[in-house]
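Visitor: The structure is given below, and queries will be raised subsequently.
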Amino acid sequence: MTEPASRPINPLFGPNRLKIGIFGTNGKGSAQTLLSENYRPTWENVIETSRIADKAGYEAIVAYARWKGYIPGRIDHPAGIILDPFTYAAGVAQATSYPAIFATSHAPTIHPIAAAKQCATIDIISGGRLVLNVVAGWNKPELEMFGAALREHTDRYEHLAEWLEILQRLWTENDEFDHDGRFFKVVRGMSMPKPVQRPGPPIMSAGGSDTGRRFACAHADVCFLLLHSEDPTDWARQIGAYKQFARDEFGREVQVWTYAPMVQRDTMREAQAYLQHYAVDHQDRESVDGWIAGNAATAKGMSQETLEKLRNHFAAGGGGNQLVGTADHIADRLQQLSDAGLDGILFTWVDFLDGMSRFNRDVLPALEARGLRKPFAGGGRQAA
Ligand SMILES: Cc1cc2nc3c(=O)[nH]c(=O)nc-3n(C[C@H](O)[C@H](O)[C@H](O)COP(=O)(O)O)c2cc1C
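Take the sequence shown: its letter number 206 is residue 205 in numbering that gives the first Met the number 0, and every next letter is one higher.
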């Protein structure tokens, strides 16, 4: 029998209609630009961005997992300078009191027994605020470093499902157990201490393919979706279909989130000009080339040609939708996303400190005025 969930501290399950967070401050964020103001993951920057998010009541701080940049042989390139998401999450947990902290795990690179204990430890440090983003891996050069196979696409998700099953048993079972599966053999497995959250930290998944969606709907609490259109009617259809699929196929309720690069300026023209400046005029072309080559080789569903067309979009920070414009425009778009059924959204900026300060000053109050969020009155557990 499944234990009832108990996650009283985790703000992922809090009352705000539209939850917000930051993505990728353990690396350079998502933009692929040569501009010098592009964020760098110094520990000072990590802590400053995390504390700003904490003080403003953001629900999520999400670290990504990347072992290598995109340009072969360029080990000093910023796209490959990425803090380990687990140790990052532990440090950020200690420095904050409110947001959920997301660590990301590449299943082919870490054994579930090691991951289970790391997660339990971070959940204890954070007082029950860890979320685990589970990824199957898609970037061949980084998996090759481990001697780990980049499996055929369906097998990647079968491996991930078995990996997650072992992890969740280690979080919940009070007796030793054996596991003899297709990918793993565990003899008298156990893990102590258990995480604070019951039956364990929530799971995030961001698979984009049909197989990825099926995996996310079966296993994740927070599913990431890239919206394929700029039309709010399409958003409602895409998000509604996703949630319905989880209900119909697995009898589960899932949250649907997305992520978006943001440029906020006083006028639309200034915002568009800055987007052009960082993502086109100062695009890190070499890095985008490497990214496209890696995705074309391994990701499902996108041809080399489509990826080429999307080059400027990737350079801007990827994501389905960009939030580019005035504070009012951005608040309008966020309202439309929420009305379409979106539960949460992660933001990335070229310069996180500048972006968060503009957003907190101008957009947050607008979201509160629209009833999408309540003014933040503190909460969570005391940070040390
Ligand atoms: C918000 C978000 C975060 C992601 N984080 C990571 C990550 O940290 N590491 C990684 O290798 N892939 C990451 N991905 C990629 C996905 O896990 C997935 O591999 C990709 O979307 C391709 O989908 P597919 O595996 O279903 O083909 C992320 C995707 C999104 C949308």
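Don't be surprised by glycine CBs; every beta carbon is placed ideally from N, CA and C.
Provide the residue(s) that pair with M203 in DSSP beta bridges, ordered along the chain.
Guide: BP columns for M203 point to N132, V221.
Visitor: For my contact list, A99 and N25 are in at a C-beta cut-off of 8 angstroms; report their separation, rounded to the angstrom.
Guide: About 15 angstroms separates the two Cβ atoms, so there is no contact after all.
Visitor: Using the rule of at least 16 other Cβ atoms within 10 Å of the residue's Cβ for burial, across every protein chain shown, is R6 buried or exposed?
Guide: So R6 ends up on the buried side.
Visitor: Express the C-alpha separation of P107 and R65 in angstroms, rounding to a whole number.
Guide: Rounded to whole angstroms, R65 to P107 spans 13 angstroms at the Cα level.
Visitor: Measuring straight from C-alpha to C-alpha, what distance separates G28 and N311?
Guide: If I take the Cα positions, the gap works out to 16 angstroms.
Visitor: Specify which residues have a beta carbon nearer than 5 angstroms to any heavy atom of ligand 1, listing them in chain order.
Guide: Working through the chain, the matches are Y63, A64, T103, V134, W137, A205, G206, G207, S208, G211, F223, Y258, K299.
Visitor: Along the chain, where does the beta strand (DSSP E) that runs through M261 open and close?
Guide: Note, M261: beta strand (DSSP E), 254-263.
Visitor: Check whether the Cβ of I60 lies closer than 8 angstroms to any Cβ atom in chain C.
Guide: Among the chains of the structure shown, chain C does not appear; only one protein chain is present.
Visitor: Suppose only complete runs of 4+ residues qualify. What are the alpha helix (DSSP H) ranges in the region 130-190, listed by chain order?
Guide: Fully enclosed alpha helix (DSSP H) runs of 4 or longer: 139-144, 152-171.
Visitor: Which same chain residues end up closer than 8 angstroms to R39 when comparing Cβ atoms and leaving out the 5 residues on each side of it in sequence?
Guide: Within the same chain, R39 has close Cβ partners K27, P77, I80.
Visitor: Where do the ends of the alpha helix (DSSP H) carrying G318 lie?
Guide: Looking at the DSSP string, G318 is not in any alpha helix (DSSP H), and its letter there is neither H nor E.
Visitor: Going by beta carbon distance, what residues of the same chain come within less than 7 angstroms of D122, once the five residues before and after it are set aside?
Guide: These residues qualify, in order along the chain: L129, P194, V195, Q196, P200.
Visitor: Give a yes or no on whether the C-beta atoms belonging to W170 and A219 are separated by under 8 angstroms.
Guide: Against a cut-off of 8 angstroms, the Cβ pair of A219 and W170 comes out as no contact.
Visitor: Mapping DSSP to helix, strand and coil, what is S29?
Guide: Correct three-state label for S29: coil.
Visitor: I need the boundaries of the alpha helix (DSSP H) containing K401, first residue and last residue.
Guide: Here the chain covers residues 0 to 383 and nothing more, so residue 401 does not appear.
Visitor: Any idea if K373 is buried or exposed, counting beta-carbon neighbours within 10 angstroms, 16 or more meaning buried?
Guide: Label assigned to K373: exposed.
Visitor: Using only alpha-carbon positions, find the residue among H227, V61, Y241 that is nearest to V387.
Guide: The shown model of the chain, from 0 to 383, leaves out residue 387, and the question about it has no answer.
Visitor: Can you look up K373 in the DSSP assignment and give me helix, strand or coil?
Guide: Three-state DSSP puts K373 in coil, outside helix and strand.
Visitor: Whose C-beta lies closer than 6 angstroms to the C-beta of G318 among residues of the same chain, with five residues either side of it excluded?
Guide: Closer than 6 angstroms at the Cβ level, and outside the excluded window around G318, lie Y258, A259, P260.
Visitor: Locate the alpha helix (DSSP H) running through A330, then write down its first and last residues.
Guide: Note, A330: alpha helix (DSSP H), 326-338.
Visitor: To the nearest angstrom, how far is it from the Cα of V349 to the Cα of I112?
Guide: Taking the straight line joining both Cα atoms gives about 36 angstroms.
Visitor: Hey, V362 and I329 are a contact pair by Cβ (cut 8 angstroms); roughly how many whole angstroms apart?
Guide: That belief holds up - the Cβ atoms of V362 and I329 are roughly 5 angstroms apart, short of 8 angstroms.
Visitor: So A102 is in the beta strand (DSSP E); what residue range does that whole segment cover?
Guide: Its beta strand (DSSP E) spans residues 99-105.
Visitor: If you check the beta carbons only, do D342 and K67 fall under 8 angstroms apart?
Guide: No, the Cβ-Cβ distance between D342 and K67 is not below 8 angstroms.
Visitor: Using 8 angstroms for Cβ pairs, my map puts I21 next to L345. What's the rounded Cβ distance?
Guide: So it is a contact: roughly 6 angstroms between Cβ atoms.
Visitor: For the beta strand (DSSP E) that G343 lies in, which residues bound it at each end?
Guide: Segment 343-347, the beta strand (DSSP E) holding G343.
Visitor: Tell me where the alpha helix (DSSP H) around I21 begins and ends.
Guide: I21 -> not in any alpha helix (DSSP H); beta strand (DSSP E) instead, spanning 18-22.
Visitor: Looking at C-alpha atoms only, which residue of P3, G377, Y57 is the closest neighbour of S356?
Guide: When only C-alpha atoms are compared, the closest one is Y57.
Visitor: Quick one: residues in its chain with C-beta nearer than 8 angstroms to the C-beta of T266, no 5 flanking neighbours on either side, listed in chain order?
Guide: Same-chain partners within the cutoff: T325.
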